[in-house]
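Novice:
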Amino acid sequence: MSHVVVIEDEGTVRDVLRFHLERAGLRVSAFETTRDAGEALKDADALVLDWMLPGESGLSFLRYLRSDSELRRLPVLMLTARAAEAERVEGLETGADDYLTKPFSAAELVARVRALLRRAQPDTPQNMANGPLLINVGSAEATINTKQLNLTRREFDLLSFLTQNAGRVYSRTELLDRVWGADFLGGERTVDQHITQLRSHLGDDPSKPSFLETVRGKGYRMRVWNTEHREAETLAT
Ligand code: CA
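Numbered according to numbering that gives the first Met the number 0, the sequence shown spans residues 0 to 236.
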């Protein structure tokens with residue numbers, strides 16, 4: 000699970016940040032001042048940093064981070080109430096990776112933080128998302144709307160493979176080959192059994208699946224979560 004540190008002196012804003020980032024499946028440590036955040040930063044994957052802080056300003060702290068040998072690569076999203084272009088530019092030039100102007104929407108916040116995390120780890124995909132489904136490759140955890148799925152290792156591998164290649168259809172033979180490995184002795188029914196299990200974990204209705212679709216005569220595919228899904232979901236709630 001990716002770890003996001005938040006430094007924001009206003010309690011209400013801090014709570015909002017924590018709430019939305021945790022709901023997005025991230026681990027969050029939130030602090031009031033830059034000094035309090037010191038220890039947590041060593042283990043952080045990204046930092047959400049308020050510009051206007053009492054004592055040391057966010058900008059000054061960012062300058063320090065960029066000169067620190069261990070923290071210089073930490074992705075930073077600056078939060079600012081300042082919409083003035085000159086100040087945004089100053090933040091970016093000092094080394095912020097992105098900035099967000101208050102007030103911001105939850106969706107925008109989460110999208111920006113996820114983009115930071117992705118850019119920071121281009122080689123090993125730590126997180127994959129498909130709608131409410133989040134997969135953390137590093138920790139081998141999958142969640143739906145932040146609720147953790149209790150998967151076996153093989154179920155997790157199958158789910159990860161299909162999610163990583165969402166939209167593509169794979170035959171049972173291909174899945175055996177790619178997920179189980181060429182020397183696996185079981186048959187194609189193994190794949191069907193695992194898909195059935197996964198559907199039950201995902202709460203997926205086989206006749207109208209949100210995630211795992213059976214493509215007749217071909218195999219299985221992870222559906223790409225799109226606007227249609229979201230509209231259907233909104234109507235249903
Ligand atoms: Ca502030």
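Glycine included, every Cβ here is placed at the ideal spot set by N, Cα and C.
With 16 other CB atoms within 10 Å as the buried threshold, where does serine 206 fall?
Specialist: Classification of serine 206: exposed, given that the 10 Å Cβ count is below 16.
Novice: Cutting at 7 Å between CB atoms, please list the residues of its own chain near threonine 33, excluding the five before and the five after it.
Specialist: Ile6, Leu52, Glu55, Phe60
Novice: Could you tell me the alpha carbon to alpha carbon distance between aspartate 49 and alanine 95, rounded to whole angstroms?
Specialist: 11 Å
Novice: Evaluate proline 102 with the Cβ neighbour count: other Cβ atoms within 10 Å of its Cβ, from every protein chain shown; 16 or more gives buried, anything less gives exposed.
Specialist: exposed
Novice: Within 10 Å of its beta-carbon, does valine 88 have 16 or more other beta-carbons around it, so buried, or fewer, so exposed?
Specialist: exposed
Novice: Please report how far the alpha carbon of threonine 213 lies from the alpha carbon of histidine 19, in whole angstroms.
Specialist: 33 Å
Novice: Starting from the C-beta of serine 66, find all residues in its chain whose C-beta is less than 6 Å away, skip the five residues before and the five after it, and write them out in chain order.
Specialist: Closer than 6 Å at Cβ, skipping near neighbours: no residue.
Novice: Could you please give me the residues that DSSP links to asparagine 240 through a beta bridge?
Specialist: One cannot answer for residue 240 here, as it falls past the ends of the chain, which runs 0 to 236.
Novice: In three-state terms, what does DSSP make of aspartate 182?
Specialist: Correct three-state label for aspartate 182: coil.
Novice: Leaving aside the five residues before and after glutamate 237 along the sequence, list all residues of the same chain whose C-beta is less than 8 Å from its C-beta, in chain order.
Specialist: Because the chain here runs from 0 to 236, residue 237 falls outside it and cannot be looked at.
Novice: When the distance is taken between beta carbons, is glycine 130 closer than 7 Å to valine 168?
Specialist: no
Novice: Helix, strand or coil for threonine 233? Go by DSSP, reduced to three states.
Specialist: Any answer about threonine 233 is weak, because its pLDDT of 49 lies below 50 and its placement is not dependable; what the coordinates show is given next. Here threonine 233 sits in helix by DSSP.
Novice: With a 10 Å radius around its C-beta and 16 neighbouring C-beta atoms as the bar for buried, classify valine 3 as buried or exposed.
Specialist: buried
Novice: Which word fits glycine 90, buried or exposed, when buried means at least 16 other C-beta atoms lie within 10 angstroms of its C-beta?
Specialist: buried
Novice: Please say whether leucine 116 and alanine 45 have beta carbons closer to each other than 7 Å?
Specialist: Yes, these two residues count as a Cβ contact at 7 Å.
Novice: Between the Cα of alanine 43 and those of Ala119, Asp203, Ser209, spot the shortest distance and give me the residue it belongs to.
Specialist: Ala119
Novice: Less than 6 Å separating the Cβ of glutamate 69 from some heavy atom of ligand 1?
Specialist: no
Novice: For ligand 1, I want to know if methionine 77 counts as a neighbour, meaning its beta carbon is within less than 6 Å of at least one of the ligand's heavy atoms.
Specialist: no
Novice: Quick check on this structure: which residue in Leu158, Ser1, Ala106 has the alpha carbon closest to the alpha carbon of alanine 39?
Specialist: Ser1
Novice: Name the two residues that bound the continuous beta strand (DSSP E) containing arginine 220.
Specialist: 218 to 221
Novice: Whose CA, out of Val109, Ala114, Asp14, Val136, lies closest to the CA of threonine 162?
Specialist: Restricting attention to Val109, Ala114, Asp14, Val136, the CA atom closest to the CA of threonine 162 is found in Val136.
Novice: Helix or strand or just coil, what does DSSP make of phenylalanine 30?
Specialist: strand
Novice: Using CA coordinates, which residue listed in Asp14, Glu92, Ala23 is at the minimum distance from arginine 113?
Specialist: Ala23
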